[in-house]
Amino acid sequence: MDIALTISIISFVLSLVTVYITYRFNKITIRNTAKLEHNKLLLEIDKLLIDDPELWGIYDNHPLSKKEDQSDLKLQAKQEAFIYYYLNLFDVIYEFYARQIVKNKNDKKLWKAWVQFLEHFLSGCSQARATVKKSYHLYDEDQAEFFKEIIHKIESEGRLL
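First residue of the sequence shown: 28, per this note's numbering; consecutive thereafter.
Pasting the structure below:
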């Protein structure tokens, strides 16, 4: 066999191996970066709650929700904005897990955990459920249907916290 052909075949095989390794590395990096960003957003929510405890009032069974002054429009606006912040977090997560990647075993577990987190949030916050219901038109059909299914599941099963 000609030496040039042998070198070409070896180079081709090494190129294929390099492409595969790079592809795998990029998949792992994308997933790890997304997980980190999602957790940063969640930590930001925690920070907002620490900085402004009145935001806890969005939760139906939280002691602060019972002490709220319903005439305080500024507080109502802050709480509505906070709910939208939460929903935007879920929007980012939905976009990643439902559209951006083909889920592997770990991704499916993480997606399930995020869905459970969303269900917990919506089951404990009637104001958030109402906000989602009036905002279906802001989402594309798939995501609006996803929210509708979760809210229907919560309300039909009586899983309100």
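We put the beta carbon where it would ideally sit given N, CA and C, even for glycine.
From a predicted model like this one, the values you see are computed outputs, not experimental measurements.
Alpha carbon of K195 to alpha carbon of I77, nearest angstrom | A query on residue 195 cannot be resolved here, the shown segment of the chain reaching from 28 to 188 and no further.
Contacting residues, own chain, Cβ-Cβ under 6 Å from L68 (five flanking each side not counted) | So the list reads L116, once near-sequence residues are dropped.
Where the alpha helix (DSSP H) through V142 begins and ends = Where V142 is concerned, the enclosing alpha helix (DSSP H) stretches over K132 to S150.
Just curious, the alpha helix (DSSP H) that Y47 is in, first and last residue?
-> Start and end: I30 to D78.
Buried versus exposed call for I30 [16 or more other C-beta atoms within 10 Å across all chains shown] = I30 comes out exposed.
Where does H89 fall in DSSP's three states?
-> Residue state, collapsed to three classes: coil.
Can you check whether the CB of K160 is closer than 8 Å to the CB of I178?
-> Result yes, Cβ atoms of I178 and K160 sit closer than 8 Å.
Thinking Y121 and F148 are a contact (beta carbons under 8 Å), I'd like their distance in whole angstroms, please.
-> That belief does not hold up - the Cβ atoms of Y121 and F148 are roughly 13 Å apart, past 8 Å.
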